[in-house]
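Residue numbers (the numbering used here), protein chains in the order written: chain A, 23 to 134; chain B, 11 to 337.
Even glycine gets a Cβ: it sits at the ideal position worked out from N, Cα and C.
Quick notes on the structure that follows.
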Amino acid sequence: MAPSALYLEENLNLSANDITKPVNTILANGYFNVRDHHGSHTLIGQAFKQRIDDIDDDTCDVGGEDAFFVADLGEVYRQHLRWKVNLNRVQPHYGMSMLAIVIWEPLTSKQP
Amino acid sequence: MKCNPDPQVLRLLANLGTGFDCASKAEIEQVLAMGVDPSRIIYAQPCKTKSHLRYAAKQGVKQMTFDNADELYKTKELFPDAQLYLRILTDDSASLCRLSLKFGASLDSTWELLELAKKLNLDVVGVAFHVGSGASDPEAFLKAVQDARLVFDQGAKLGFKMHTLDVGGGFCDETFDQMAAVLSNALDVYFPPSVRVIAEPGRYYVSNAFTLACHVIARRTVTDPTLGTTSYMLYLNDGVYGNFSSIIFDHQNPVPRILTCGDKFLYNARKPGGGYDTPNVMEYSIWGPTCDGIDCVSQSCTFADVIDIGDWLYFENMGGKCLACTC
């Protein structure tokens, strides 16, 4: 079975180094642009196109045309910065139950 | 069908330094496997399975919630060193998922519960609440913070040294700024800076981050001879028993958009829910792959394009599932 999600890590628009920097530094560097999804859309579109171009439903294996996600990790990061700016006193504990992605999996498919 | 907490998002959040709110052994296990310290986890499930509680004790995941006397006896037996948060009831009548129907101690029972915890020599370190998933009234946070203050004061009278307030979840993208403003003010008024404050956002982080693509596996053409109209029923390879469970559990209405139509790649090329402004608009209903009549993704939508078998549709903002609503 094909992977159920593609991840846009390049969309994070920052290096591992940046993650450990204080929020103010990152803001100053211009990464904080919560409402600008334009760049994201371009990358998400590319990811979809690439994946779908590779799928031929006349010849693919069982599950080769399964539904899949494109996950924009940059969006998760933008939300984190937004949290820090608006609720700096409150330490977020990510609610795991929210993240449960259900993968529709045919019985015949193999584990990746 | 299986539930799969998303490892990439978790790793990013772990690197960003967030904590984790887990409701089961499997969730705790996944977070610990990333090398996250047990002190960054809160086992926020007031009614725990005994074997899961034993697992938490063994792993040193000490922070956990309770809201009833039986849970205190259970904790005394299995994990007497736990750091307990008393989960209180809130008014969540304005939220989409009313969690207070299931969890939370009413304010007239908190004193007795704290007394019992004292008698059992258990350590209550804080108070937790949850205004409900998809909360729409920011004032709910104000009321809940006020109630939590009362319980902190009760705890102090009984000799507990409470140091943390857990303000739960219920944050969503659209109303976040407003909610954050109300909450920040309430915290400043009712809790000194020495009190640590944590929260359990879920949907807030991921709802807009996930876009789902589905394949059109079948199509039924429906003609109305009287009106002379043609509409289509499209069948996708995903439905309410898969990634559209939010339709059932969370009252969401995902908006279908065309990703590919024949040779055309149409991501972000058409307005969502569009079609009305063009002359040759087609009506569609969209269905999941199972035989269950409830497996409907969209009762009615319109497109200017004629969608056929083999085309792809996409749905934005699909990350905010509230699968178990345990939150």
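Neighbours of B/E293 in chain A, taken as residues at a C-beta separation under 7 angstroms, are lacking, since the least C-beta distance is about 23 angstroms.
Per DSSP, the beta bridge partners of B/M74 are B/Y53 and B/L94.
Take the alpha-carbon of B/S241 and the one of A/Q101: they are about 40 angstroms apart. Annotation: A/L65 has no Cβ neighbours in chain B at a cutoff of 7 angstroms; minimum Cβ distance is about 11 angstroms.
Secondary structure at A/H102: helix, using DSSP grouped into helix, strand and coil. One thing to note: B/V226 has its Cβ within 8 angstroms of the Cβ of B/D318. No Cβ-Cβ contact shorter than 8 angstroms links B/L63 with B/D77.
Interface annotation, A/Q72: not in contact with chain B, CB-CB separation never under 8 angstroms. In the assembly as shown, B/M328 is a buried residue. Its beta-carbon has 16 or more other beta-carbons within 10 Å.
Burial check for B/N290: the Cβ neighbour count within 10 Å stays below 16, so the residue is exposed. Rounded to the nearest angstrom, the gap between the Cα atoms of A/N108 and B/F151 is 15 angstroms. The stretch 229-247 of chain B makes contact with the stretch 291-309 of chain B, as at least three CB pairs between them are under 8 angstroms. B/V71 sits close to B/Y53, with the two beta carbons spaced by under 8 angstroms. Leaving aside the five residues that flank B/A67 on each side, the residues in its chain whose CB is nearer than 7 angstroms to its CB run, in chain order, L88 and F89. Using a Cβ-Cβ cut-off of 8 angstroms, B/T28 counts as an interface residue toward chain A, since at least one Cβ of chain A sits closer than that to its own. Excluding its 5 nearest sequence neighbours in each direction, B/F254 has C-beta neighbours in its own chain below 7 angstroms: D248, P264, G298 and V307, listed in chain order. Cβ contact annotation for B/Q188 (same chain, cutoff 8 angstroms, sequence separation greater than five): P148, in chain order. Any Cβ of chain B closer than 8 angstroms to the Cβ of A/D88 would place that residue at the interface, and such an atom is present.
Neighbours of B/I258 in chain A, taken as residues at a C-beta separation under 8 angstroms, are lacking, since the least C-beta distance is about 12 angstroms.
For B/V199, there is no enclosing beta strand (DSSP E); the residue is found in the alpha helix (DSSP H) stretching over F186 to Y200.
Residue pairing from DSSP places B/D176 in a beta bridge opposite B/A138 and B/I208.
Closer than 8 angstroms at the C-beta level to chain A, one finds these residues of the stretch 263-284 of chain B: L269, T270, F275, Y277 and N278. Contacts between A/V98 and chain B, judged by CB atoms closer than 8 angstroms, involve V19, L22, L23, Y215, V216 and A219 in chain order. Ranked by how close their Cα comes to the Cα of A/H115, the residues B/Y65, B/G29, B/L168 and B/L175 have B/G29 in first place. Within the stretch 214-251 of chain B, the complete beta strand (DSSP E) segments at least 3 residues long are 220-234 and 239-246, listed from N- to C-terminus. For B/L23, the enclosing alpha helix (DSSP H) has its first and last residue at P17 to L26. Here the C-alpha atom of B/V155 lies approximately 52 angstroms from the C-alpha atom of A/D76. Boundaries for B/E326: no alpha helix (DSSP H) harbours it, and the DSSP string shows neither H nor E there. Distance check between B/W322 and each of A/V84, A/F91, A/G117 and A/T81 places A/F91 closest, using alpha-carbon atoms only.
Nearest neighbour of B/N195 by Cα position, chosen from A/A27, A/E97, A/L95 and A/N110, turns out to be A/N110. A residue is called buried when at least 16 other Cβ atoms come within 10 angstroms of its Cβ; B/Y214 meets this threshold and is buried. Its chain contains L126 as the residues whose beta carbon lies nearer than 6 angstroms to that of B/A79, once the 5 sequence neighbours on both sides are disregarded; these appear in chain order.
One Cα belongs to B/K167, the other to B/Q262, and the distance between them is close to 44 angstroms. Distance between B/G45 and B/A36, taken at the CA atoms: about 15 angstroms. Under the DSSP assignment, B/Y294 falls in the beta strand (DSSP E) whose first and last residues are M292 to W297.
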